[in-house]
Amino acid sequence: MQTNPKSTVRIGRVSSISGNTARVFYPDMENMLSGNLIVLQRPVESDDHVQSDWYPCIGQMVLCLYFPMEDADGYILGGL
41 MQTNPKSTVR IGRVSSISGN TARVFYPDME NMLSGNLIVL QRPVESDDHV QSDWYPCIGQ
101 MVLCLYFPME DADGYILGGL
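If you read the sequence shown in the numbering used here, its first letter stands for residue 41, the second for the next number, and so on.
Set out below in structure tokens:
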């Protein structure tokens, strides 16, 4: 297992959306395209709080997090 801390947190632009996943391209990495990344949702904290799911838009800048190993799964943490 190799780790590369520079690639565990990435900023990119959403290129496509499918269900609760999206693909992201990274301009600073020669426009590399990600696989399907799960879009994280915030849990509801209380009964009186209404949760509205957030999904990115195509072209939106997002912050992504990957496990620090080759071909690891990644997640979209939120928009920028």
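All C-beta atoms in this analysis are idealised placements derived from N, C-alpha and C, irrespective of residue type, glycine included.
Please say whether R53 and M101 have beta carbons closer to each other than 8 Å? yes
Terminal residues of the continuous beta strand (DSSP E) containing F65? 61-66
Residues bridged to G118 by DSSP? L103
So, is P45 buried or exposed, given that buried needs 16 or more other C-beta atoms within 10 angstroms? Confidence at P45 is low in this model, with a pLDDT of 46, below 50, so its placement is unreliable and the value that follows should be read with caution. Exposed, because fewer than 16 other Cβ atoms sit within 10 Å of the Cβ of P45.
Report the option in T48, T61, V49, R50 whose CA atom is closest to the CA atom of I98. T61
Proximity to D68 [Cα-Cα], best of G119, G114, I51: I51
Between the alpha carbons of D93 and E70, how many angstroms are there, rounded? 31 Å
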